[in-house]
Amino acid sequence: MSTTIDTNLGELISSFYEEFLSMYGDEELASVATAAVINDLLGQAAAQSHEAAA
Numbered sequence: 033m034s035t036t037i038d039t040n041l042g043e044l045i046s047s048f049y050e051e052f053l054s055m056y057g058d059e060e061l062a063s064v065a066t067a068a069v070i071n072d073l074l075g076q077a078a079a080q081s082h083e084a085a086a
């Protein structure tokens, strides 16, 4: 059984950014960390999609 959460990409980005801003206290670092996490997640999703199509 899997759990799903109904959210969109904008909400996800905002959540990561706010968490990183709280953690690091620096807007630029929070922005870079958010971009890195989102890129990793999108890359993983693309790889899984590619594997499923093969």
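Take 33 as the starting number for the sequence shown in the numbering used here and just add one per residue. Yeah, the Cβ is synthetic: ideal placement off N, Cα and C, and Gly gets one too.
Looking at residue i: is its Cβ nearer than 7 Å to the Cβ of residue j?
i	j	result
Phe48	Val64	no
Ala67	Phe52	no
Report the rounded CA-to-CA distance for residue i versus residue j, giving the unit in angstroms.
i	j	result
Asp38	Leu73	16 Å
Asn71	Leu41	12 Å
Tyr56	Ser46	15 Å
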